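Everything below concerns the one structure shown next.
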Amino acid sequence: ADGAIQLQATGDITDGASGLLTGNTEGKLLAYSTGGSVTLDLTAGHQMATVSLKSDKTGGAGTLRYYDADALTLATAGGAGSSLAGPAGTAASTVAATTTGAKTVAGAANGAIVIRAGNGAAGALTVNEAINTTSTTADTAGGTVVLESRGNLELASNGTITTTGNGAAAGGEVYLHNIATTAGTITLGTGITAKGGATNDAASDGAVVTVFNENGAIAVNSTIDVSKGAALGADGAIQLQATGDITDGA
129 ADGAIQLQAT
139 GDITDGASGL
149 LTGNTEGKLL
159 AYSTGGSVTL
169 DLTAGHQMAT
179 VSLKSDKTGG
189 AGTLRYYDAD
199 ALTLATAGGA
209 GSSLAGPAGT
219 AASTVAATTT
229 GAKTVAGAAN
239 GAIVIRAGNG
249 AAGALTVNEA
259 INTTSTTADT
269 AGGTVVLESR
279 GNLELASNGT
289 ITTTGNGAAA
299 GGEVYLHNIA
309 TTAGTITLGT
319 GITAKGGATN
329 DAASDGAVVT
339 VFNENGAIAV
349 NSTIDVSKGA
359 ALGADGAIQL
369 QATGDITDGA
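Take a look at the structure:
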């Protein structure tokens with residue numbers, strides 16, 4: 129079986145032109161910055177089976193961007209490895225294990241998430257653990273979320289998306305997209321919550337959620353909530369466009 133790659137830093141995590149991460153059958157990647165952004169956007173895409181991304185940065189850019197060459201699953205990772213010969217306390221397993229697929233806390237543009245599967249060849253994107261961009265800073269909008277596939281795109285298992293604003297602030301915009309080169313279905317098997325913040329303020333608006341399939345159908349099998357957070361806010365918008373059928377489930 130493939131192994132695991134664990135990247136954790138207090139600053140930014142980035143790749144260079146030759147910085148390929150590969151473990152494409154069962155390999156797991158954790159990329160976790162406690163004080164910066166994660167930018168792993170190799171032009172041809174990395175080659176991992178499962179990825180988990182996280183940034184704890186507040187008050188500045190704490191974004192997440194990851195491109196994979198083909199199929200990708202968002203799930204938990206990290207906490208692997210054992211003690212090694214070397215200085216006292218050397219243990220790979222001290223790298224934190226995540227509980228989400230992707231999470232930021234900076235809010236708005238500083239907390240944006242962009243994840244793309246199929247950057248080099250056809251590839252489905254499966255979200256099995258939660259994506260969350262709700263800010264920990266008061267009166268701050270939720271971060272935006274962009275998910276793109278080249279084939280099926282599915283929110284499944286625990287793979288909810290939450291971009292709700294904090295306090296007097298709007299929800300973060302959500303965009304799910306299957307590009308035209310490969311047929312696939314976008315299946316919303318878990319909920320998307322992009323509500324305005326709970327403070328009764330004109331800024332507490334619901335967000336825009338767009339689901340766009342350029343080569344296939346859209347199946348809405350769970351709730352999309354773009355409600356205003358309080359009376360003075362305004363509800364957001366839901367936009368569904370596909371070349372195939374658009375249906376809802378029970």
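Residue numbering for the sequence shown is 129 to 378, as defined by this note's numbering. For every residue, glycine included, the Cβ atom is placed at its ideal position computed from N, Cα and C. None of the values given here were measured: they were computed from a predicted structure.
If you pair each beta-carbon of the region 324-331 with each one of the region 276-283, do three or more pairs fall below 8 Å? no
Suppose the cutoff is 7 Å on Cβ atoms and the five residues either side in sequence are ignored; what does the same chain contact list for residue 330 look like? The count along the sequence shown starts at 1 and reaches residue 330 at position 202. Here the set comprises 360, 361.
Rounded C-alpha distance that separates residue 371 from residue 345: As a position in the sequence shown, residue 371 is number 243, starting the count at 1. As a position in the sequence shown, residue 345 is number 217, starting the count at 1. Put simply, the backbone Cα of residue 371 is about 6 Å away from that of residue 345.
Can you tell me which of 328, 266, 171, 227 puts its alpha carbon nearest to the alpha carbon of residue 244? Counted from its first residue, the sequence shown places residue 244 at position 116. Nearest C-alpha to residue 244: 171.
Over what stretch of residues does the beta strand (DSSP E) that includes residue 376 continue unbroken? As a first step, residue 376 is located in the sequence shown; it is residue number 248 there, counting from the start. Start and end: 374-376.
How long is the line joining the alpha carbons of residue 313 and residue 338, rounded to whole angstroms? Here the question's residue 313 lines up with position 185 in the sequence shown. Here the question's residue 338 lines up with position 210 in the sequence shown. Approximately 15 Å, taken between the alpha carbons.
Buried or exposed: which applies to residue 154, given that a residue is buried once 16 or more other Cβ atoms fall within 10 Å of its Cβ? For the purposes of this step, residue 154 is taken as the residue at position 26 of the sequence shown. Looking at its Cβ environment, which holds fewer than 16 other Cβ atoms inside 10 Å, residue 154 is exposed.
Once you ignore the five residues that flank residue 193 on each side, which residues in its own chain have a CB closer than 6 Å to its CB? As a working note, residue 193 is residue 65 in the sequence shown. These residues qualify, in order along the chain: 167, 169, 242.
Residue 341: first and last residue of the uninterrupted beta strand (DSSP E) it sits in: The residue labelled residue 341 in the question sits at position 213 within the sequence shown. Residues 336-341.
Assigned exposure category for residue 180 - 16 Cβ within 10 Å defines buried: In the sequence shown, residue 180 corresponds to position 52, counting from 1. So residue 180 counts as buried.
Could you check the C-alpha separation between residue 208 and residue 158 for me, to the nearest Å? As a position in the sequence shown, residue 208 is number 80, starting the count at 1. As a position in the sequence shown, residue 158 is number 30, starting the count at 1. Each residue's alpha carbon lies about 10 Å from the other.
Residue ranges of each beta strand (DSSP E) run of no fewer than 3 residues wholly in the region 230-295, ordered along the chain? For the region 230-295, whole beta strand (DSSP E) runs of length 3 or above, ordered along the chain, are 241-244, 253-255, 273-277, 281-283.
Euclidean distance between Cα positions of residue 198 and residue 328: Here residue 198 refers to the residue found at position 70 when the sequence shown is read from its first residue. Here residue 328 refers to the residue found at position 200 when the sequence shown is read from its first residue. Each residue's alpha carbon lies about 44 Å from the other.
Use the C-beta contact count for residue 373: other C-beta atoms within 10 angstroms, 16 or more gives buried, fewer gives exposed. The count along the sequence shown starts at 1 and reaches residue 373 at position 245. Under a 10 Å Cβ-count criterion, residue 373 is classified as exposed, with fewer than 16 other Cβ atoms of the shown protein chains found around its own Cβ.
For residue 132, tell me which candidate among 204, 258, 300, 367 has the shortest Cα-Cα distance. The residue given as residue 132 occupies position 4 in the sequence shown. Nearest neighbour of residue 132 by Cα position, chosen from 204, 258, 300, 367, turns out to be 204.
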